[in-house]
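All remarks here apply to the structure that follows.
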Amino acid sequence: MKFTRRSFFRQTLVAGPAAMTFWTDMGNAWAQDQCTLAQPDAAEPFVPNEPKVQPRYSALEMKTRPELAKFRDAFCKIRALPSTDVIGWDKQIAQHCLHCSPPPGVGTTNIHYTWAFLPWHRGLLYFLERILRNLSQNDDFRLAYWDWENTHSRTLPAIYGVQSPNCLYWQKRQTTGSNWPLPSAKVDVSALLATPTFSAFGGSLNQGGATYSGPHANVHNAFAPGDMGNLMYSPRDPVFYAHHGNIDRLWSSWVKAGHSNVDFGDTKAYFYDENRKWRSILFNDLRDETKLGYRYSSYMGTAVPAPKLHTFTTTMNEGVRHVEAAAVAEIAKAKGPRFLIVEGISNLGDLPPDTLNFGIFAGHPAAGTQSGSDKRFLGQIATVNSEGHNHLGVTAAALNVTGKLPGLLKTNKGGLDLTIAPLDDSGKTTAAGIPIAAANVSIVE
Ligand code: C2O
1306 MKFTRRSFFR
1316 QTLVAGPAAM
1326 TFWTDMGNAW
1336 AQDQCTLAQP
1346 DAAEPFVPNE
1356 PKVQPRYSAL
1366 EMKTRPELAK
1376 FRDAFCKIRA
1386 LPSTDVIGWD
1396 KQIAQHCLHC
1406 SPPPGVGTTN
1416 IHYTWAFLPW
1426 HRGLLYFLER
1436 ILRNLSQNDD
1446 FRLAYWDWEN
1456 THSRTLPAIY
1466 GVQSPNCLYW
1476 QKRQTTGSNW
1486 PLPSAKVDVS
1496 ALLATPTFSA
1506 FGGSLNQGGA
1516 TYSGPHANVH
1526 NAFAPGDMGN
1536 LMYSPRDPVF
1546 YAHHGNIDRL
1556 WSSWVKAGHS
1566 NVDFGDTKAY
1576 FYDENRKWRS
1586 ILFNDLRDET
1596 KLGYRYSSYM
1606 GTAVPAPKLH
1616 TFTTTMNEGV
1626 RHVEAAAVAE
1636 IAKAKGPRFL
1646 IVEGISNLGD
1656 LPPDTLNFGI
1666 FAGHPAAGTQ
1676 SGSDKRFLGQ
1686 IATVNSEGHN
1696 HLGVTAAALN
1706 VTGKLPGLLK
1716 TNKGGLDLTI
1726 APLDDSGKTT
1736 AAGIPIAAAN
1746 VSIVE
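Under this note's numbering, the first residue of the sequence shown is numbered 1306, with each subsequent residue one higher.
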C-alpha cells in the first residue's frame, strides 16, 4: 500500500495590492489530510452500467429547481464526514491534490498537462456524484454545472454565494474586482469547439490541451487569491465541481459538434467508490457521459459543425509561419469565424516565473503594450498557480482570431511571426514578446 503525506506550510501567496489580504490556514494537521490518501495496490475494475440517464442542471437552473434543498443537503452530508474517511470532503481534495503536483516517488502523474485532464476530472466528478447519491439516498442526485460561457452567468452562481446555512458556500474566494464579471474573451469557447483534434483540444501524452489553458485556467484565476485560484486548494471550494462540470460539458459539446474522441488504450484512473472500495476505471469508459448516467440539460452550440471546418496548416520559413498563397485567399474569402490552433507550446518557462497570462502576438510587442488595443494581439492562454508556484508544462492554444486574421495575413504576405509575451491582469505586456516555440500551428475556419 502506498501511503503519501504532504505538508502545507506555505500560505497562499499573494501579489500586489492584494498582499493585504491574508488568510490563516486551518492548521497543518487539517491541511495534511487534504493531500494524504491511502492508495491500495490492487483496485477492483469498475465498468459503468447506469440504469438511467438524468440531467445535470446549470447552477442557474438549480436555483429554482425543486431538488435544490436536496442538492445542498448532499454537500452538507459529505462535508460532515470525518476528515480521515476515504470518501469524505478532505479526501476528495486529497485525490485531486495527489494528481496535481505529485511528490517524487508517489507514482501518480500531473493530470493537468496530459490527455488525462478531461477523463480524470470526469472520473472525479462521477465518483463524487455516486458518493453523494448514496449519502443522500437519492438515485436521482446529479451534480450541477456553471455555464460561464453564457453572458447571463458571468458571476458566481447565486446558490454558491449565500453564506449561511449553505454547504455550497466557501469563504476563501475573490468574486469581485477587475476579473468580475468574467470578461467575454476569457470564457470564449468558440475556438475550443472548433479545435479539430483531441490532442489540441484535450491534450496528448506529452502536452496539455487548449481546454486547460483557456477558460478553465481563466475561471480559476478569477478567484485568486482565493482557493479556486490555486490548483492544489481549488477542490476545497464547492464551486470547483460546478466549474469542472462545465469543462466536462465543454468536452461533451465538442463531441456533439462532430469531433472524435481519442482511443486512450488501457489507461486508467483510480477512485474510491461509494462503498469505500478502491476502483479502477478505463479512460475509454469515461468518454461518453450517458454511460455514466447523466447528460447535460443543455450543450454548447457551435457556429460551424466539425465536418464543415477547413484546416490550413502552416510551415516554418526563416522563423515565420506561412500559409500558402491559395490558403490566404481562401481565409480572406471565408464568411464565418476563424481560429488559430497552436500545439506543443514549450517555452512558457522562458518568460518571467510569476507569469500566469501569456499573450500570443503576430509580431514583437514591446513591454508595456496594451494587448487589447494592439492589432497584432491574437489572444491569450493561462496557467494556474499551484501551492503558491506557477504550474507550467507543454500546452496548446485555441484562439478566436476572426476579426484579426485575414488582415494580418495580408499585410505580412501569408506569414505569421508568432511571439508570446507575459500579460498582467489588465492585459498589458510586462516584458517584450519572445518567439513562440510550438510544434504545430494551423488555421481553422
Ligand atoms: Cu485539476 Cu481545474 O483543476
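Even glycine gets a Cβ: it sits at the ideal position worked out from N, Cα and C.
Can you list, in chain order, the residues of its chain with a C-beta nearer than 8 Å to that of residue i? Leave out the 5 residues immediately preceding and following it.
{"i": "A1737", "result": "H1669, P1670, A1671, A1672 and A1726"}
{"i": "G1508", "result": "Y1418, T1419, W1420, A1421, F1422, L1423, G1514, T1516, Y1517 and A1701"}
{"i": "G1677", "result": "G1732"}
{"i": "G1332", "result": "Confidence is the limiting factor: at G1332 the pLDDT is only 43, short of 50, which leaves the residue's position unreliable and the question unanswerable from this model."}
{"i": "E1349", "result": "K1582, W1583, R1584 and S1585"}
{"i": "Y1474", "result": "Y1465, G1466, V1467, Q1468 and P1543"}
{"i": "P1322", "result": "Caution is warranted here: a pLDDT of 34 is assigned to P1322, below 50, making its placement in the model unreliable, and no coordinate value can be reported."}
What are the boundary residues of the alpha helix (DSSP H) that residue i is part of?
{"i": "F1446", "result": "Per DSSP, F1446 belongs to no alpha helix (DSSP H) and is neither H nor E."}
{"i": "V1492", "result": "It is not in any alpha helix (DSSP H) - V1492 carries neither H nor E in the DSSP assignment."}
{"i": "P1424", "result": "F1422 to L1440"}
{"i": "R1377", "result": "L1373 to R1384"}
{"i": "F1506", "result": "F1503 to F1506"}
{"i": "T1716", "result": "L1710 to T1716"}
{"i": "K1396", "result": "W1394 to C1402"}
{"i": "H1521", "result": "Neither: H1521 is in no alpha helix (DSSP H) and is coded neither H nor E."}
{"i": "V1633", "result": "A1630 to K1638"}
{"i": "A1348", "result": "Where A1348 is concerned, there is no enclosing alpha helix (DSSP H), given that its DSSP letter is neither H nor E."}
{"i": "L1365", "result": "A1364 to M1367"}
Verify the contact flag: residue i, CB atom, against every heavy atom of ligand 1, threshold strictly below 6 Å.
{"i": "L1536", "result": "yes"}
Relative to the C-alpha of residue i, which residue among the options is closest?
{"i": "V1391", "options": "V1544, G1563 and K1582", "result": "K1582"}
{"i": "F1380", "options": "R1478, F1528, A1547 and S1509", "result": "A1547"}
{"i": "G1684", "options": "T1616, R1643, P1658 and A1463", "result": "R1643"}
{"i": "G1649", "options": "V1358, S1504, E1579 and Y1450", "result": "S1504"}
{"i": "V1524", "options": "W1453, K1573 and V1560", "result": "W1453"}
{"i": "D1542", "options": "N1551, I1552 and G1531", "result": "G1531"}
{"i": "L1728", "options": "T1688, T1660 and L1710", "result": "T1660"}
{"i": "P1356", "options": "K1596, L1510 and F1569", "result": "K1596"}
{"i": "T1734", "options": "P1657, P1612, A1632 and L1365", "result": "P1657"}
{"i": "S1557", "options": "S1602, N1526 and G1570", "result": "S1602"}
{"i": "P1486", "options": "P1501, P1470, A1522 and F1528", "result": "F1528"}
{"i": "L1713", "options": "L1591, P1470 and A1667", "result": "A1667"}
{"i": "K1573", "options": "W1425, P1345, N1566 and Q1442", "result": "W1425"}
{"i": "K1396", "options": "Q1339, S1363 and W1451", "result": "Q1339"}
{"i": "S1458", "options": "N1652, C1402 and M1367", "result": "M1367"}
{"i": "P1711", "options": "Q1442, A1639 and I1398", "result": "A1639"}
{"i": "I1552", "options": "D1568, M1605 and Q1512", "result": "M1605"}
{"i": "N1589", "options": "N1705, A1611 and F1351", "result": "F1351"}
{"i": "L1587", "options": "E1579, N1580, D1571 and D1593", "result": "D1571"}
On the DSSP letters alone, give me the boundaries of the beta strand (DSSP E) that residue i sits inside.
{"i": "V1625", "result": "V1625 to H1627"}
{"i": "D1551", "result": "Rather than Asp, the amino acid found at residue 1551 in this sequence is Asn. Note, N1551: premise wrong, no beta strand (DSSP E); alpha helix (DSSP H) at V1544 to K1561."}
{"i": "Y1450", "result": "Segment: none, Y1450 is in no beta strand (DSSP E) and carries neither H nor E."}
{"i": "G1684", "result": "F1682 to A1687"}
{"i": "G1664", "result": "N1662 to A1667"}
{"i": "N1622", "result": "T1620 to N1622"}
{"i": "L1728", "result": "L1723 to L1728"}
{"i": "A1703", "result": "T1700 to N1705"}
{"i": "L1360", "result": "Residue 1360 is actually Pro in this sequence, not Leu. P1360 -> beta strand (DSSP E) spans Q1359 to R1361."}
{"i": "Y1838", "result": "Residue 1838 is absent from the structure shown; the chain starts at 1306 and stops at 1750."}
Report all residues from its chain with a CB closer than 7 Å to the CB of residue i; omit the five preceding and five following residues, and keep chain order.
{"i": "R1384", "result": "W1394 and C1472"}
{"i": "Q1400", "result": "L1342, L1429 and F1576"}
{"i": "S1747", "result": "T1616, F1617, T1618, T1619 and I1646"}
{"i": "Y1538", "result": "D1532"}
{"i": "L1461", "result": "T1480 and V1544"}
{"i": "Q1359", "result": "D1445, R1447, G1598 and Y1599"}
{"i": "Y1362", "result": "R1370, A1449 and S1602"}
{"i": "L1437", "result": "A1379, I1383 and F1446"}
From the DSSP output, which residues share a beta bridge with residue i?
{"i": "E1648", "result": "N1745"}
{"i": "R1581", "result": "DSSP output for R1581 lists no bridge partner at all."}
{"i": "K1573", "result": "L1587"}
{"i": "N1695", "result": "N1690"}
{"i": "K1733", "result": "Q1675"}
{"i": "N1535", "result": "N1690"}
{"i": "F1617", "result": "I1748"}
{"i": "Q1468", "result": "Beta-bridge pairing links Q1468 to no other residue."}
{"i": "E1594", "result": "Looking at the DSSP assignment, E1594 forms no beta bridge with any residue, so it has no partner."}
{"i": "P1740", "result": "T1724"}
{"i": "Q1512", "result": "S1509"}
So, at 6 Å on beta carbons, what are the nonlocal neighbours of residue i in its own chain, with the 5 sequence-adjacent residues on each side left out?
{"i": "G1720", "result": "V1625 and H1627"}
{"i": "T1607", "result": "L1498 and A1562"}
{"i": "V1492", "result": "W1453, E1454 and P1520"}
{"i": "A1743", "result": "V1647, G1649 and I1650"}
{"i": "A1637", "result": "P1711"}
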